[in-house]
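Asker: In this note's numbering, each residue's number is its place in the sequence shown (first place is 1) plus 15.
Following this message is one structure expressed as structure tokens.
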Amino acid sequence: MSNLEMVPKGLDGVVVDKTELSRVDGTNGVLVYRGYNIDEVAQCSFEEICYLFLYGDLPNIEQLKKIDKRLKAERSLPKAVWDFVANAPKNEHPMAVLRTAVSMLSGYMLNVDDLSSDVLLRHAIALTSKVSTISAAISRARQGLFAVEPSFDLSHAANYLYMSTGEIPQDVVAKTLDMALVLHADHGFNASTFTARVVTSSLSDMVSAVTAAIGSLKGPLHGGANTAVMEMLIEIGSLENVENWVNQTLQQKRKIMGFGHRVYKTIDPRAKHLKRMSKEWGERAGNVKWFLMSEKIEDMMQSFKHLNANVDFYSASTYYAMGIEPEMFTAIFAVARTIGWTSHIIEQLVDNRIMRPEAAYAGPENKMFVPIEKRS
Ligand code: CMC
């Protein structure tokens with residue numbers, strides 16, 4: 016064994032690099048995007064947040080128009096990607112389809128291996144736009160419907176909903192998704208962002224890094240938790256069943272999805288907004304059952320485990336009340352997080368060093384080599 020220090024499993028409490036993109040204060044429950052508190056920038060459009068991450072500050076009206084135009088111009092997809100999504104196996108996980116479709120994009124992007132800053136910026140905008148188009152196309156294909164070509168007029172959030180449903184959404188629906196995208200846009204060195212930075216650190220291209228990040232986000236301990244929350248609520252079925260279900264699950268030492276966080280030791284500031292949205296949407300949809308069930312689970316988790324709801328908990332009942340199918344929830348998370356991933360990739364390359372930690376070898380030593388013909 017080497018005499019290097021072993022860091023805690025899961026890199027718990029380890030600071031691996033600096034970032035100017037977002038600050039997560041787990042003790043006080045504060046999230047900051049480039050100096051702006053999330054509670055304030057939650058009212059910004061997703062396009063403003065894209066500008067903030069890519070250019071360093073919130074845009075003025077002219078700057079916003081420019082990035083909006085650039086995002087819109089990148090909405091279309093190569094035919095091969097439309098075809099792949101339309102023909103992907105119907106039972107394949109949307110995040111798996113998204114991962115492959117995004118990977119395919121590299122063949123159609125100019126200078127994909129060029130890591131100069133203007134090209135990276137172009138790729139970041141292109142990927143942010145195209146992940147949305149692909150996600151919406153996946154949603155259509157899952158319903159057995161033809162894909163809808165992007166609109167070049169609607170906002171990022173409204174266009175996602177339009178491409179998913181074929182109908183121009185009401186303002187209130189688009190505004191809800193817009194805010195959800197803003198709340199999910201970036202979050203320090205979470206698993207998928209760290210994955211993207213590790214891939215980038217070898218000087219690989221942005222498409223490779225985003226593809227890997229999608230694979231990481233898919234897992235139920237990360238972005239996949241939002242789908243798992245809705246599956247749990249559906250399994251519980253009613254407010255009356257919550258108490259028994261939670262008690263039994265905790266007795267069996269099983270995790271309840273949407274709770275706990277590596278960094279937040281108090282309320283996740285994003286969850287506060289999503290809780291309000293879940294209530295409003297339950298009322299709007301004329302069915303507050305999912306919200307009330309969620310609230311009861313939250314109370315029990317507080318009392319018995321001192322664990323708080325995270326971003327995935329109330330996003331589930333919000334999206335469900337908006338009519339979005341649970342299997343698509345994580346792909347929507349990816350639509351939001353692509354701007355975070357791509358901004359981190361750009362930042363990683365400003366002062367890059369390959370990520371190459373060491374492992375403490377714990378296997379056997381000094382085994383006697385036996386030629387294959389003599390092995391039993
Ligand atoms: N339900 C029940 N118990 C829990 C939960 C939970 N959701 N989360 C943590 N615990 C318990 C866990 O059993 C352990 O207890 P003990 O010390 O008695 O063994 C203790 O709390 C510490 O848990 P951990 O898993 O070691 O904590 P971690 O920092 O390694 O993991 C986490 C953080 C978010 C992966 C974890 O809380 C979890 O699995 N939550 C459920 C999945 C989830 O909601 N993920 C979304 C994360 S936030 C947004 C995102 O990344 O997408």
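All C-beta atoms, glycine included, are put in the ideal place defined by N, C-alpha and C.
All values reported here derive from a predicted model rather than from experimental measurement.
1. Going by DSSP, what residue range makes up the alpha helix (DSSP H) through L142?
2. To which residues does DSSP link Y48 through a beta bridge?
3. Looking at C-beta atoms only, is the number of pairs between the stretch 305–317 and the stretch 208–219 that lie closer than 8 Å three or more?
4. Please go through the same chain and pick out, in chain order, the residues whose beta-carbon is closer than 7 Å to the beta-carbon of T353, but skip the five residues on each side of it.
5. With hydrogens ignored, establish whether the beta-carbon of M272 is closer than 8 Å to any heavy atom of the ligand CMC.
6. I'd like to confirm the pairing. Which residues does DSSP put opposite A324 in its beta bridges?
7. Is any heavy atom of the ligand CMC found at a distance shorter than 8 Å from the C-beta of A151?
8. Determine, using beta carbons only, whether V197 and I64 come nearer to each other than 9 Å.
9. If I'm right that L254 touches L307 with Cβ under 8 Å, what's the distance once you round it to whole angstroms?
10. Any idea what DSSP makes of F384, helix, strand or coil?
11. Check whether the Cβ of M245 lies closer than 8 Å to any heavy atom of the ligand CMC, and answer yes or no.
12. Only counting the same chain, and skipping five residues up and downstream in sequence, which positions put a Cβ closer than 8 Å to that of I153?
13. When the Cα atoms are used, what is the spatial distance from P93 to I140?
14. Taking DSSP as the reference, what is the three-state secondary structure of F344?
15. Give me the residue from H199, A211 and V365 with the minimum Cα distance to V47.
16. Could you pull out every residue in the same chain whose Cβ sits closer than 6 Å to the Cβ of L9, ignoring the five residues on either side in sequence?
17. Below 8 Å, is the gap between the Cβ of G230 and the nearest heavy atom of the ligand CMC?
18. Grab the span of the alpha helix (DSSP H) containing N174 for me, first residue to last.
19. Going by the beta-carbon positions, is the gap between G239 and T210 smaller than 9 Å?
20. Could you check which residue in P235, R390 and E298 has the C-alpha nearest to that of G273?
21. Short of 7 Å in beta carbon distance, which residues of its chain neighbour K389, apart from the five on each side in sequence? Order them along the chain.
22. Pick out whichever of I361, L19, G28 and G41 has its Cα sitting closest to the Cα of N323.
23. Taking the alpha-carbon positions, what's the S330 to T242 distance?
24. Using beta-carbon positions only, say whether A151 and Y175 come within less than 9 Å of one another.
Answerer: Quick answer:
1. Residues S132 to R157.
2. In the DSSP output, where bridge partners are listed per residue, Y48 has S37 and Y51.
3. Short answer: they don't touch.
4. Only L142, T143, V146 and V225 meet the Cβ criterion.
5. Yes, the beta carbon of M272 sits closer than 8 Å to at least one heavy atom of the ligand CMC.
6. BP columns for A324 point to F274.
7. No, the beta carbon of A151 sits no closer than 8 Å to any heavy atom of the ligand CMC.
8. Contact: yes.
9. Yes, they are in contact, since the Cβ atoms of L254 and L307 sit about 5 Å apart, within 8 Å.
10. Here DSSP, grouped into helix, strand and coil, assigns F384 to coil.
11. Of the heavy atoms belonging to the ligand CMC, none sits nearer than 8 Å to the Cβ of M245.
12. Closer than 8 Å at the Cβ level, and outside the excluded window around I153, lie V100, A103, P109, V112, L113, A116, M343 and A346.
13. Distance between the alpha carbons of P93 and I140: 16 Å.
14. Correct three-state label for F344: helix.
15. Of the candidates H199, A211 and V365, the one whose C-alpha sits nearest the C-alpha of V47 is H199.
16. Outside the shown range of the chain, which is 16 to 391, sits residue 9, and nothing can be said about it.
17. False, no ligand heavy atom lies under 8 Å from that Cβ.
18. That run of the alpha helix (DSSP H) goes H171 to T180.
19. With respect to the 9 Å criterion, G239 and T210 are not classified as neighbours on the basis of their beta carbons.
20. Out of P235, R390 and E298, P235 has the C-alpha closest to the C-alpha of G273.
21. Excluding sequence neighbours, K389 sits near nothing in its chain.
22. It is G41 whose Cα lies nearest to the Cα of N323.
23. If you take the alpha carbons of S330 and T242, they lie about 9 Å apart.
24. In this structure, Y175 lies closer than 9 Å to A151 by Cβ.
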